[in-house]
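If you're matching positions, the sequence shown starts at 1 in my numbering and goes up one per residue. Here's the structure we're looking at; comments come further down.
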Amino acid sequence: VAGMGTTAAPNGKEAAARVVDMRSDTVTQPTEPMRQAMASAEVGDDVFGDDPTVKALERRVAELLGKEAGLFITSGTMGNLLSVGLHCSGRGDEVILGKDSHVFFYEQGGSSSLMGVAFNTVPNQPDGTLDLDEVRKVVKPDNEHFAAAKLLVLENTHNKMGGMVLPLEYLSRASAVCKELGLALHIDGARLWNAAIALDVAPSALVQHADSATVCLSKGLGAPVGSVLVGSAEFIRRARRLRKALGGGMRQAGVLAAAGLYAVDHNFKRLAEDHANAKRLAHGLEELGLHVVPAPTNMVFWEVDNAVQLVHTLEDAGVRVLCTDGKRRIRAVANLHVTSQDIDR
């Protein structure tokens, strides 16, 4: 279990041998203070709008992101699905996004299979951006033969491209292109908190031009579950209704929202430690002569010929990482339970 060793583990227990789990930043366990916040949370039936802790979380995240309202949801995947479904009117509409984006690559094509929205992909650049001229080119004319593009989705930070951060200037230009083309803009901000730390800006600066955005609580922030979708009050009203249709209405969800509130208030700024550990790891791997993708945030990717075997070897040594392509590419993610001593191990 991540973070467990001869010192106290997150649940206060001891373990004989330390396992350093860097498969993802989702593997962390709630710390004791977070568990206490969960245990003492004031709750109510959130489907009726009665859970005060859920409401507090939604207000807090909406405030941090500079939006009118927020909606507590089970996952970033649900938030992205809701956003595509709401920005697009239904079958025959189209969402433009990167071919290496999480929405396209890792979410089972839900926007198409569940919302009836067609994908129109553009190659991601090495820095995670989309060539905005290419975005212009793939928008089809207003003609009954063609799917109508309604939405552009950007991912920040960008997972598959190595935790890359989209610059503020690029986000501003992307917004201008969306206005030019009549597109809404959604930001998949599963790791937006990391982008804010990397750029040393408020999270709101990264979504100021967006019509909607999702942020995860269960990645770098260390909560056990949940994301928040933000946007205008009217957008969130519609999202709450569609969330119910997807089975996302939760009852006494304040026990989970309390973890999210604790995570936002206590674990946001410390993401800088994860970034430092990722850079430390990348530097060490480079010194071994390995090809390493630059590590601007908490993710480190490198390539070796025997990636699958190396993952097993590291597992036997108590270090968990992922082979992401089944061949050569390995990913390690610095997280709440990984220390600088673990990196040096």
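Every residue gets a Cβ at the ideal spot worked out from N, C-alpha and C, and that includes glycine. In this text the structure is predicted, and so the values were computed from the model without any measurement.
Distance between beta carbons of residue 147 and residue 93, contact taken as under 8 Å:
6 Å
In this structure, does DSSP put residue 160 in helix, strand or coil?
coil
State the DSSP-derived secondary structure class of residue 349, mapped to helix, strand or coil.
Shown here, the chain extends from 1 to 345; a query on residue 349 therefore has no answer.
Alpha-carbon to alpha-carbon, residue 115 and residue 90:
6 Å
Beta-carbon proximity of residue 206 to residue 260, cut-off 8 Å:
no
Does the beta-carbon distance from residue 272 to residue 297 come in below 8 Å?
no
Go ahead and pull the three-state DSSP assignment for residue 178.
Secondary structure at residue 178: helix, using DSSP grouped into helix, strand and coil.
Per-residue DSSP class, three states only, for residue 4
Interpretation of residue 4 is limited by its pLDDT of 32, a score under 50 that renders its predicted location unreliable; no figure is taken from the coordinates.
Run of the alpha helix (DSSP H) containing residue 214, from where it starts to where it stops
Counting along the chain, residue 214 falls outside any alpha helix (DSSP H), though it belongs to the beta strand (DSSP E) covering 212 to 216.
From this set, 24, 19, 179, 56, which residue's C-alpha is nearest residue 256's C-alpha?
56
Tell me whether residue 35 sits in a helix, a strand or coil according to DSSP, three-state version.
helix
Endpoints, alpha helix (DSSP H) assigned at residue 352
Outside the shown range of the chain (1 to 345) lies residue 352, about which nothing can therefore be said.
What three-state label does DSSP hand residue 150 in the structure shown?
strand
Neighbourhood of residue 293 by C-beta, 6 Å cutoff - its chain only, sequence neighbours within 5 removed:
162, 301
Along the chain, where does the beta strand (DSSP E) containing residue 98 start, and where does it finish?
Run containing residue 98: 93 to 98, per the beta strand (DSSP E) assignment.
Using 8 Å as the cut-off, can you tell me whether the region 157 to 173 makes contact with the region 184 to 198, which would need three or more C-beta pairs spanning the two stretches below that distance?
yes
If you draw a straight line from the alpha carbon of residue 314 to that of residue 198, how long is it in whole angstroms?
Rounded to the nearest whole angstrom, the CA to CA distance from residue 314 to residue 198 is 29 Å.
What's the call for residue 182, buried or exposed, on a 16-neighbour Cβ count within 10 Å?
exposed
In terms of alpha-carbon separation, which member of 329, 343, 317, 328 lies closest to residue 17?
With distances taken between Cα atoms, residue 17 lies closest to 317.
Does DSSP put residue 202 in a helix, in a strand, or in coil?
coil
Own chain, CB closer than 8 Å to residue 142, minus 5 neighbours either side, in chain order:
148
Counting only the same chain and skipping the five closest in sequence on each side, list residues whose C-beta sits under 7 Å from that of residue 156.
165, 166, 187, 189, 192, 195, 206
Note down, in chain order, each residue of its chain lying with its Cβ closer than 7 Å to the Cβ of residue 204, except the 5 sequence neighbours on either side.
Here the set comprises 64, 65, 66.
With a cut-off of 8 Å on the beta carbons, I'd call residue 119 and residue 111 a contact; round off their distance for me.
7 Å
Exposure of residue 138, with buried meaning 16 or more beta-carbon neighbours within 10 Å
exposed
Could you give the distance in angstroms between the alpha-carbon of residue 327 and the alpha-carbon of residue 144?
44 Å
Between which two residues does the alpha helix (DSSP H) harbouring residue 316 extend?
307 to 316
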